[in-house]
Each structure stands twice: as structure tokens, then as C-alpha cells.
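If you read the sequence shown in my numbering, its first letter stands for residue 3, the second for the next number, and so on. Built from N, CA and C at the ideal position, the CB exists for glycine as well. Worksheet: one structure, shown below.
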Amino acid sequence: MNPCDRILRGFECVLNDEDFKINSPKARVSMALQSAEIELGTTVKLLQSLQDFVSELRGNFDAIEMRAKQKAKYKDAEKRIRKPKTQFGDESNGLVFHQHDKFRIEVFLPILDKLSQALTLRTQAYDVVHKRFGLITEFLSMGADEIEKAAHNLQQCYPNDLELVFHKSSYTFHVLSNV
3 MNPCDRILRG FECVLNDEDF KINSPKARVS MALQSAEIEL GTTVKLLQSL
53 QDFVSELRGN FDAIEMRAKQ KAKYKDAEKR IRKPKTQFGD ESNGLVFHQH
103 DKFRIEVFLP ILDKLSQALT LRTQAYDVVH KRFGLITEFL SMGADEIEKA
153 AHNLQQCYPN DLELVFHKSS YTFHVLSNV
């Protein structure tokens with residue numbers, strides 16, 4: 003196994019061993035998101051917590067790399083850094099990255115950026131659905147003003163299906179359900 007494969011395997015082990023144990027918070031979030039009974043508001047909050055976790059990983063590269071090297075029993079090789087030969091008129095500045103920086107810039111950060119972008123899109127989609135239909139799932143826990151506002155928003159989304167006085171009817175139903 004070449005050194006690059008060994009360190010990649012170490013990264014996999016670190017992320018799988020420590021962050022995704024069965025009882026870890028990340029595993030509980032994953033299991034909750036896969037549940038059929040999860041409410042929309044909870045889904046949005048859990049996805050936002052995953053976004054925070056991914057952004058924290060971005061700043062912890064050095065610690066993760068150190069644990070990955072320990073897992074993979076990887077030893078840094080002291081090699082001479084080769085500079086590419088430049089031709090006359092070549093505008094490149096001759097910038098050469100160490101393996102550590104090259105891996106972080108070309109592999110680690112792009113993966114986290116893609117994951118963060120995907121989580122952002124998914125969170126936004128669930129947030130739109132939650133704002134639209136949260137009235138249905140959170141009706142009993144909402145206050146009168148919140149119900150009227152949510153009902154009005156739902157009526158605005160579906161003007162042909164819901165009457166103009168839908169928000170007033172929802173408020174009346176709320177008052178009667180608390181009696």
C-alpha cells in the first residue's frame with residue numbers, strides 16, 4: 003500500500019471511528035433524519051447542526067490528519083521538494099505545496115465544501131416546506147399570532163385551494179381546541 007493510500011485509509015478510520023459511533027451525536031442525528039416520524043421543524047434544526055459540524059471539521063484538519071497518521075502508522079518521509087522547470091515567458095510563480103497542504107487544498111477542503119453545499123441546499127428545501135406546512139404539524143404548540151401568520155402564508159401559496167378567510171378560521175379552530 004503506497005503512503006497516499008495509507009493516509010486516506012487513516013482519514014476514513016478517524017472519521018468513522020470517532021464521529022460516527024452508534025451512540026455519538028452524529029449517529030443519533032443520522033438515525034433521526036432517517037426516521038419516518040420526524041417533524042419538519044426538527045429536520046431543519048438537525049440539518050443545520052450537521053452544517054455546523056461540517057464547518058467545524060474544516061478548521062480541524064491538522065488534528066484529524068494527526069489521528070489519521072497514527073491510525074495508518076504513517077511516517078512522514080523527508081523528501082526533497084521538486085520544483086517544476088519553468089520555460090522562458092512562463093507566468094507561473096513557481097509555488098509548490100507540501101504534501102500536507104496539497105492534500106488539504108485538493109482533497110479535504112473540496113469534499114467538505116461539496117458536503118456543506120449539499121447540506122445547505124437540503125436545509126433550504128426543508129425550510130421552505132416547513133414554513134409552508136409547519137402550521138399542520140405544530141398547530142397545538144403555536145400561539146394565536148403565529149397560527150394566523152402561518153395560515154395566511156399557506157393561503158397565499160395556494161390561493162385557489164384555500165379561502166381568503168382561512169387564517170381567521172384557523173385562529174377560531176385554535177381557540178376552540180384550547181377550550
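| Item | Value |
| --- | --- |
| Around the Cβ of V46, are there at least 16 other Cβ atoms within 10 angstroms (buried) or fewer (exposed)? | buried |
| Nearest by alpha-carbon distance to H154: which of L142, S143, K133 and T139 is it? | K133 |
| Pick out whichever of K28, I40 and A65 has its Cα sitting closest to the Cα of D54. | K28 |
| Near F22, which residues of its chain fall below 6 Å by C-beta distance, leaving aside the five closest residues on each side in sequence? | With a pLDDT of 48 at F22, under the threshold of 50, the modelled position of that residue is not reliable, and the figure given next carries that caveat. Answer for F22: K28 and A29, listed in chain order. |
| Quick check on S172: buried or exposed, where buried means 16 or more other Cβ atoms within 10 Å of its Cβ? | buried |
| If contacts are defined as beta-carbon pairs under 8 Å, then G12 and K73 qualify, I think. What distance do you get, rounded to the angstrom? | 4 Å |
| In three-state terms, what does DSSP make of G12? | helix |
| Looking at L42 and V131, is the spacing between their C-beta atoms short of 8 Å? | yes |
| Once DSSP output is grouped into helix, strand and coil, what is the label at M68? | helix |
| Exposed or buried, which one is I24 when buried takes at least 16 other CB atoms within 10 Å? | Below a pLDDT of 50, predicted positions are generally treated as unreliable, and I24, at 49, falls in that range; no measurement from the model is reported. |
| Going by DSSP, what residue range makes up the alpha helix (DSSP H) through I107? | Where I107 is concerned, there is no enclosing alpha helix (DSSP H), given that its DSSP letter is neither H nor E. |
| Comparing alpha-carbon positions, which option in L164, Y160, L111 and K151 lies nearest V56? | L111 |
| Using CA atoms only, rank isn't needed, just tell me which of L10, S143 and E150 is closest to I66. | L10 |
| Rounded to whole angstroms, what is the Cα-Cα separation between G136 and A120? | 23 Å |
| Does the distance from the C-beta atom of L49 to that of R106 stay below 8 Å? | no |
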